[in-house]
Amino acid sequence: MRRNPFEILGLSPRIVKELDEEGLFRLVRACYRTLQQVYHPDLSSGSGEKALEINLAFEALDLRKNPESFRYWRRAYLKRLSRRTLQGRLEEMHLRLGRSERERETLSEAFWQSLLSRAQEDHLLTPLPRHLRLKIYDISLQYRLPYPVFGRKAPFKEFLFDGKGQVFVRLAGASELRSASQLRLLGGVPREKIEPWILLEKTPSEEGLRPENFLRAETFKRACLPYLQHQIRPNLYLFSLRPEDPSRLYLEGLLLEIKPLPRDFKIVAKEEESLQFRQNAEDSFSERDLPLLY
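Residue numbers (this note's numbering): 1306 to 1599.
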């Protein structure tokens, strides 16, 4: 039988599911008798082929004479209901996911524009750091080195915040501090949430793809923005931007340590200039040309 006999007699899967066996069989018998009166071959509107189909359907669903057949076709019909219900749920969930994704994109863009607006004026850290020293592992620089380095030449850098919240940086391998007033710290992303190597921009080189120390804004919004925390604490990847070019987000590194500075600590820094790693300088890495950071 190509069609389910319950379907031939005009019963929906939901009715077949809700009624008990006796109640369902009484309904089957009533439908059978009604349809036979409509399609009986002796009637002008009758159809011998349709009447035969109805008879065969009732025989398959005769609970008194063939209970196993009744139960077999009932189970088969209820599977169809399950598939239809599941399909309906899947379609509903798909629509809800689509709406949620559009809402997420709208909120994400509004949040991003708000961050950019605030970053024109100051850091986005809460509270604003003052009298603090941050020790940072410069992971993007480590990616670019030909082999691991330790000790004095390890890729650590420091951020120092004075009493006004101004930031000064001591780059990896350097001895002097430099002002970094053009830098805006956005906050950090927990280290377990992202894999920096995947997100950083790459440039071709003889050794292969060399990671830069920044990622594109679109990449940051997709992968980092949902986890961004406007605070400083160990084990966060710190990110910054330069207000003049918000299309790049800079990975400052992994924050390892936070120490307070004495209130009377005097920060002596070089005059502000474009900060760059220097090749072959006495207090810098000499292994290779290192990337522009600021």
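All C-beta atoms in this analysis are idealised placements derived from N, C-alpha and C, irrespective of residue type, glycine included.
For S1445, the enclosing alpha helix (DSSP H) begins and ends at 1444 to 1449.
Per the coordinates, the alpha-carbon of L1533 lies some 30 Å from the alpha-carbon of E1481. The alpha-carbon separation between P1531 and T1524 amounts to approximately 12 Å. Between the region 1445 to 1455 and the region 1533 to 1547 there are fewer than three inter-stretch CB-CB distances shorter than 8 Å, so the stretches are not counted as touching.
Along the region 1423 to 1511, the alpha helix (DSSP H) occurs as fully enclosed runs of 4 or more residues at 1444 to 1449, 1501 to 1504, listed in sequence order. Judged by beta-carbon spacing, E1517 lies within the 8 Å limit of K1507, meaning their Cβ atoms are closer than that value. For Y1555, the enclosing beta strand (DSSP E) begins and ends at 1550 to 1565. Note that the region 1488 to 1496 touches the region 1416 to 1436; at least 3 beta-carbon pairs, one per stretch, sit closer than 8 Å. Take the alpha-carbon of R1568 and the one of G1468: they are about 8 Å apart. Segment contact: the region 1351 to 1366 against the region 1402 to 1416, fewer than three CB-CB distances shorter than 8 Å; contact not assigned. When the Cα atoms are used, L1541 and H1399 turn out to be separated by approximately 34 Å.
A residue is called buried once 16 or more other Cβ atoms fall within 10 Å of its Cβ, and L1357, having fewer, is exposed.
For G1353, the enclosing alpha helix (DSSP H) starts and ends at 1353 to 1365. Sequence-distant partners of L1383 (beyond 5 residues in either direction) whose C-beta falls short of 7 Å from its own C-beta, in its chain, are P1318, V1321, K1322. A direct Cα-Cα distance of roughly 18 Å separates K1498 from D1443.
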